[in-house]
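Quick mapping for you: the protein sequence lines, in order, are chains A and B. The opening residue of the first sequence carries number 482 in our numbering; numbering runs sequentially from there. The opening residue of the second sequence carries number -13 in our numbering; numbering runs sequentially from there. By construction, the Cβ of each residue, glycine as well, lies at the ideal position given by its N, Cα and C atoms.
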Amino acid sequence: MILYTPLAAEDIFPVEATQFEAHQIMQYNGKTVQAEHLGNGMYRVHQLMSTDPADFLDENCAPGKLFSL
Amino acid sequence: MAKERNDNQENENEESGGKSIIEKIQQLGQTSVAQAPDSRVHVLSIIGQIEGHMQLPPQNKTTKYEHVIPQLIAIEQNPKIEGLIVLMNTVGGDVEAGLALSEMIASLSKPSVSIVLGGGHSIGAPIAVSTDYSFIVPTATMTIHPIRLTGLVIGVPQTFEYLDKMQDRVISFVTSHSSITEEKFKELMFAKGNLTRDIGTNVVGTDAVSYGLIHEVGGVQHAMKKLNELMEQRQATLNGELQ
């Protein structure tokens, strides 16, 4: 199905609130990360929010890293 | 108790030793990561959509202005940071969030250089020109088009005037921070026949430089070289003021 419309995709297919809740912005190892909540207190790093290039070399904050709180 | 905790940590370390290689491959597709000393240059990546008041679905790649603005303040305040590189690969997004970021970058006292990689479309254009010096890689493109509005629009003439004024803010920012003329920028913005069923122009690397929108065609190497030059100049003037 192709929809020809000037509307944004999310205006037609609303995103469920649970999807927003699964992603949280939090502090981990002193760095701000956007993490996905996997349940049971486990999180997966989705995005590292930093401007320090050295932070991106830190394996503990690499995207995909699992951690628990 | 303390000893017990140490034992636990050792156990964890032993366990992580085995699985860490697999984890590293899963995370980065490689087994070892380069290490670097503290950098005096910070990197701000403007990637994906620029998110403003409306929160975009989590599967979208977004640059959130409420995170970038404090980072820019930190860059301005931290004396160890001497320069900023802005990496751009954005499709555009919220006009006011984009203009806010552009004004923040433009008003930094520290030297800044931007590189447009891939795309610096729409509201990405003001961000790209907001730095002291801008680069574009030869394959990157920038779409210049009129601003648009999604959501509820009230069908009164005032709506058009509001949009027109918002557009003027974008035009005046770009023309005052780059050498492109207002006439040329408007010509690109309102051109017909360049984009499929849309108004605007897709400007490719070298053309962006010839129009005066971007300073130079170049990549990471050129940007770092230019930023080091600017940082040295700034250091020299600061030293001069002290003497």
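Same chain only: Cβ atoms within 8 angstroms of residue i, ignoring 5 sequence neighbours per side
i: His504/A; result: Gln515, Ala516, Glu517, His518 and His527
i: Lys66/B; result: Asp24 and Arg26
i: Phe176/B; result: Pro132, Ile185 and Gly186
i: Asn55/B; result: A small correction: the amino acid at residue 55/B is Ile; Asn does not occupy that position in the sequence shown. Same-chain partners within the cutoff: Ala86, Leu87 and Met90.
i: Glu(-2)/B; result: Since pLDDT at Glu(-2)/B reaches only 47, below the 50 mark, its modelled position is unreliable, and the value read off the structure follows with that caveat. For Glu(-2)/B, where only same-chain residues beyond five positions count, there are no Cβ hits under 8 angstroms.
CB of residue i within 7 angstroms of CB of residue j, strictly
i: Val72/B; j: Leu103/B; result: no
i: Ser100/B; j: Met74/B; result: yes
i: Glu37/B; j: Lys50/B; result: yes
i: Pro97/B; j: Gly69/B; result: yes
i: Gly205/B; j: Val123/B; result: yes
i: Val115/B; j: His163/B; result: yes
i: Ile11/B; j: Thr76/B; result: no
Residue closest to residue i, alpha-carbon to alpha-carbon, out of the options
i: Lys172/B; options: Ile185/B, Glu62/B and Leu181/B; result: Ile185/B
i: Ala60/B; options: Asn46/B, Leu138/B, Ile91/B and Glu9/B; result: Ile91/B
i: Glu62/B; options: Arg26/B, Ile33/B and Tyr51/B; result: Arg26/B
i: Thr161/B; options: Ile130/B, Leu70/B and Asn188/B; result: Ile130/B
i: Ile493/A; options: Pro43/B, His28/B, Ile8/B and Gln13/B; result: Pro43/B
i: Gly520/A; options: Pro487/A, Leu547/A and Tyr485/A; result: Leu547/A
i: His107/B; options: Val190/B, Gly205/B, Val195/B and Gln207/B; result: Val190/B
i: Gly110/B; options: Leu94/B, Leu199/B and Tyr148/B; result: Leu199/B
i: Ser531/A; options: His28/B, Met40/B and Val203/B; result: His28/B
Within chain A, partners of residue i - CB distance below 7 angstroms
i: His201/B; result: Residues of chain A passing the Cβ test: none, with the nearest at roughly 22 angstroms.
Per-residue contacts from residue i into chain A (C-beta, under 9 angstroms)
i: Thr136/B; result: Pro487, Leu488, Ala489 and Asp492
i: Ile61/B; result: Thr532
Same chain, Cβ closer than 6 angstroms to residue i, five either side skipped, listed in chain order
i: Pro544/A; result: Val526
i: Ser549/A; result: Gly522 and Met523
i: Gly141/B; result: none
i: Leu58/B; result: Met90
Close Cβ partners of residue i (< 7 angstroms) along its chain, the five nearest in sequence each way excluded
i: Cys542/A; result: Tyr509, Asn510, Lys512, Val514, Val526, Leu529 and Asp536
i: Arg155/B; result: Leu85
i: Thr117/B; result: Val72, Ile91, Ser98, Val99 and Ser100
Check: residue i C-beta below 6 angstroms from any heavy atom of the ligand ATP
i: Thr532/A; result: No copy of the ligand ATP occurs in the structure displayed, which carries no ligand at all.
Interface residues of chain B facing residue i [CB-CB closer than 8 angstroms]
i: Lys546/A; result: Glu9 and Gln13
i: Thr513/A; result: His53
Partners in chain B for residue i, counting only beta-carbon separations shorter than 7 angstroms
i: Gln508/A; result: Per Cβ cutoff of 7 angstroms: no residues; Gln508/A is ~12 angstroms from chain B at best.
i: Ala543/A; result: Gln13 and Leu14
Task: Entirely enclosed beta strand (DSSP E) segments - the stretch 122 to 198 of chain B, minimum 3 residues - done: You should have 127 to 130, 178 to 181 and 187 to 190.
- [ ] For the stretch 45 to 106 of chain B, list the alpha helix (DSSP H) runs that are entirely contained and at least 4 residues long, ordered along the chain.
- [x] Within the stretch 45 to 106 of chain B, the runs of alpha helix (DSSP H) that reach at least 4 residues and sit entirely inside it are, in chain order, 51 to 63 and 81 to 92.
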